[in-house]
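Per the working numbering: the sequence shown = residues 7 to 462. Working notes, beginning with the structure itself.
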Amino acid sequence: MEKNENIEMITGDPKKAINKLSLPIIASMFLIFANNIIDSIWVAGLGAEPLAALGYITPLFMIMVGFGNGLGAGGNSLISRYIGAEDKHSANNAAIHNLILSVVVSIIITIIFIAFLKPLLISMGAASVIDYAMEYGLIIFAWTFGLLMPPIVGGAFRAEGDIKRATVPIALAAIINMILDPIFIYTLNMGIAGAAWATALGPFISLLLMFYWIFVKKDTYLSYNRKDFHNDLTMYKDILVVGIPASLEQLVLSVLTIFVNYMLTIVSGPVAVAVYTAGWRIVNIGMLPAIGIGTAAISVAGVAFGSRKYENLRVTARYAVKVALIASIIVCIILYVFSNQIAFIFSYSENSADLAPRIASFLQIMCLFILYVPFGASAGNVFQGVGKGTISFFLTTFREFILVLIFAYILGFTFNMGETGIYYGMLLGGGIGSLICYACIELYINKLIRSRDNAV
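This is the structure:
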């Protein structure tokens, strides 16, 4: 198989590959989440109601993003396995199949969300802020193509080890959004609609850059030429076997957010949703090291599985957890110590001044959630890398939906602990579920090694 520096890196030492792949991923993800926080900060200046509206749209938006990330993971996994097996022709064909699939999914998602947005929002409890939510949401979902495609194309770049092209456009989109936010929202007096336009335009520009590299410059390791495409329904199936469960994982997380928002609305009203929306975005930034390292592990695990080097698979899972846990401990301490200062950024206007102390309290509790993420994220992504997306999905559902939701309800309502009880329940459920997930990946890898050794 044709070799280059990126391919040699991705097929070499798993630890070095994870280090090289994860740092740019974390940096680009940081810009994305920083952009989300900045969105919240600018929208918070409009008042609690627009910020709450953003909170109701966020889980639906993340479902859409989840489909992009899911298909990106599916393509990444399949392409990586072909690269590990030294089959470049099939790797090229898989990349083209993934691109075609993403266009079809973009069209379907656009139609569904625009058609059913209002009843969805009302069913989520957003009736009191429905005008703001619709103003923001219709713009976002009309631009589904530009928002969905970059993570899918980026997944193919990661599979071939070209981390620069996988991350630079994503980072560029976030930077463009940050620049446009205050201009559209306040200078042009577009309000919450301005935030939506800024969010939509950045990724679209980054997608154009990706297409330039693929179809104009044509210097990527993977080839997207017509001669490289041979329609193979099995490839669509193999992508979806990982892509659909990975997408549904985000759906599960988004549905969880909807339920949490609903529970918070019952116990404390829309202001609690605003606090959760702002605070959870800060916590999400704290999860970035674990998520970035786990994302890198998809490619490394796929190559190890394709080459049947299962010891490298074990190294990938354990090293990912080790490095992510160290980083997560540091981040957790920072968020706890500086919770008041961080919360202050959401109280720069009179309309949102009362949110700061509640956001600070939220951060001091939920920063502990970050400590569990390395175990669940690394296990789930390694399962995706080896093509076991369904296992990853069921584990995520068990961890993030069933356990988290059950414990949040028990502590929040059964024990009458209210808003704080909901947060402690999320911590308890997430912690138990993450440890179970990691135990499953260790058992799976041990089974692979035993099966291979017994067959010799």
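Heads up, the beta-carbon is just placed ideally off N, CA and C, and yes, glycines get one too. As the structure is a computational prediction, the values presented were derived from the model and not from experiment.
Just mark residue i as buried or exposed, buried being the case when its beta carbon has 16 or more other beta carbons within 10 Å.
| i | result |
| --- | --- |
| Y307 | One point to set straight first is that residue 307 is Ala, not Tyr, in the sequence displayed. With 16 or more Cβ atoms within 10 Å of its Cβ, A307 is classed as buried. |
| Y218 | exposed |
| M112 | The amino acid occupying residue 112 in the given sequence is Ser; Met does not appear at that position. S112 is buried by the Cβ-count criterion. |
| F122 | exposed |
| R314 | exposed |
| L449 | exposed |
| M7 | Note on M7: pLDDT 49, under 50, position unreliable in the model; no value is reported. |
| H103 | buried |
| T193 | exposed |
| R171 | buried |
| E11 | exposed |
| L84 | buried |
| I114 | exposed |
| Q347 | exposed |
| V458 | Reading off the sequence, residue 458 comes out as Arg, not Val. Looking at its Cβ environment, which holds fewer than 16 other Cβ atoms inside 10 Å, R458 is exposed. |
| I89 | buried |
| D187 | buried |
| V159 | buried |
| I189 | exposed |
| T240 | exposed |
| V110 | exposed |
| K453 | exposed |
| A133 | exposed |
| F67 | buried |
| E474 | Since the displayed the chain opens at 7 and closes at 462, residue 474 lies outside it and no answer follows. |
| L57 | buried |
| D238 | exposed |
| F221 | exposed |
| N42 | buried |
| D244 | buried |
| E14 | exposed |
Taking DSSP as the reference, what is the three-state secondary structure of residue i?
| i | result |
| --- | --- |
| A132 | coil |
| L52 | coil |
| M196 | coil |
| R314 | coil |
| G437 | helix |
| V71 | helix |
| D168 | coil |
| A333 | helix |
| I351 | coil |
| F421 | coil |
| M7 | Low confidence applies to M7: its pLDDT is 49, below 50, so where it sits in the model is not reliable, and the reading given next is rough at best. M7 falls in the coil class under three-state DSSP. |
| V392 | coil |
| F344 | coil |
| A362 | helix |
| G18 | coil |
| G80 | helix |
| W149 | coil |
| A40 | helix |
| G161 | helix |
| G275 | coil |
| A91 | coil |
Notebook entry, point to check: Any contact of the stretch 376-394 with the stretch 304-321, i.e. 3+ C-beta pairs under 8 Å?
Noted result: Under the Cβ criterion (8 Å, minimum of three pairs), the stretch 376-394 counts as touching the stretch 304-321.
Next item on the list: Spell out a yes or no on whether the stretch 93-101 and the stretch 288-298 are touching, meaning 3 or more CB-CB pairs, one atom from each, closer than 8 Å.
Entry: Inter-segment contact for the stretch 93-101 and the stretch 288-298 is absent: fewer than three beta-carbon pairs are separated by less than 8 Å.
Check: Taking one C-beta from the stretch 313-333 and one from the stretch 18-29 each time, how about it: are there three or more such pairs within less than 8 Å?
Finding: These segments touch.
Check: Which parts of the stretch 221-268 are runs of the beta strand (DSSP E), unbroken and 3 residues or longer, counting only runs that do not cross its ends?
Finding: Counting only runs of 3 or more, we get nothing.
Notebook entry, point to check: Where in the stretch 93-138 do unbroken runs of the alpha helix (DSSP H), each at least 4 residues long, occur, reported from the N-terminal end onward?
Noted result: Fully enclosed alpha helix (DSSP H) runs of 4 or longer: 94-129.
Check: Are three or more beta carbon pairs between the stretch 172-180 and the stretch 200-218 nearer than 8 Å?
Finding: Touching, yes, given that three or more Cβ pairs across the two stretches are closer than 8 Å.
Checklist line | Entirely enclosed alpha helix (DSSP H) segments - the stretch 277-327, minimum 4 residues | finding: Counting only runs of 4 or more, we get 294-312.
Notebook entry, point to check: Are the stretch 181-196 and the stretch 126-136 in contact at 8 Å, needing three or more beta carbon pairs?
Noted result: Put simply, the stretch 181-196 does not touch the stretch 126-136. Fewer than three CB pairs are less than 8 Å apart.
Check: When the Cβ atoms of the stretch 375-391 are set against those of the stretch 291-302, are three or more pairs found closer than 8 Å?
Finding: Segments in contact, yes.
Notebook entry, point to check: Just checking, does the stretch 415-435 make contact with the stretch 266-286 on the three C-beta pairs under 8 Å criterion?
Noted result: A contact exists between the stretch 415-435 and the stretch 266-286.
Notebook entry, point to check: Contact between the stretch 226-237 and the stretch 47-67: three or more CB pairs below 8 Å?
Noted result: The stretch 226-237 vs the stretch 47-67: no contact.
Check: Three or more beta-carbon pairs under 8 Å between the stretch 248-264 and the stretch 61-77, yes or no?
Finding: A contact exists between the stretch 248-264 and the stretch 61-77.
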